[in-house]
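Heads up: take any position in the sequence shown, counting from 1, add 38, and you land on the working numbering.
The structure under discussion appears below in the form of structure tokens.
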Amino acid sequence: MGINTGEMVAGCLETAERTEYTVIEDAVSIASRLEEIAKPDQILVGPETAKLLKDAFELRDHGVASLSGVSQHVRVEEIVVSI
């Protein structure tokens with residue numbers, strides 16, 4: 039799973055055949071790329087989400103990643119889940 043926090047643009051895109059609701063911006067792209075690189079048992083979060091969660095969850099630093107379609111390098115953290 040990949041989670042990120044940030045500004046985005048949301049709205050409906052219409053064509054003659056259909057209407058589709060979508061969201062765009064780097065915040066959305068980062069979440070999507072984090073989801074792609076996460077293992078099945080991982081929850082990876084971007085830097086803004088990590089700031090919001092740091093007092094409530096244990097986070098494991100995965101360093102800085104270059105994510106496809108994202109203009110800047112992104113610090114990646116993992117939410118550590120104990121059972």
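Backbone N, C-alpha and C fix where the C-beta goes; we use that ideal spot for every residue, glycine too.
Just so you know, these numbers come straight off a predicted model, no measurement behind them.
Segment limits, beta strand (DSSP E) that includes residue i
i, result
"I62", "T57 to I62"
"V36", "The chain is shown only over 39 to 121; residue 36 falls outside these bounds and no answer can be derived."
Extent of the continuous alpha helix (DSSP H) run through residue i
i, result
"L51", "Not the alpha helix (DSSP H): L51 falls in the beta strand (DSSP E), residues V47 to E52."
As assigned by DSSP and simplified to three states, the class of residue i
i, result
"A94", "coil"
"I81", "coil"
"A103", "strand"
Buried or exposed by the 16-neighbour rule on C-beta atoms within 10 Å, applied to residue i
i, result
"G107", "exposed"
"L72", "buried"
"G49", "exposed"
"L105", "buried"
"V119", "exposed"
Whole-Å CB distance - residue i paired with residue j, under 8 Å assumed
i, j, result
"V102", "I68", "Contact doesn't hold; Cβ gap of about 12 Å is too wide."
"I81", "E116", "7 Å"
"V61", "M46", "5 Å"
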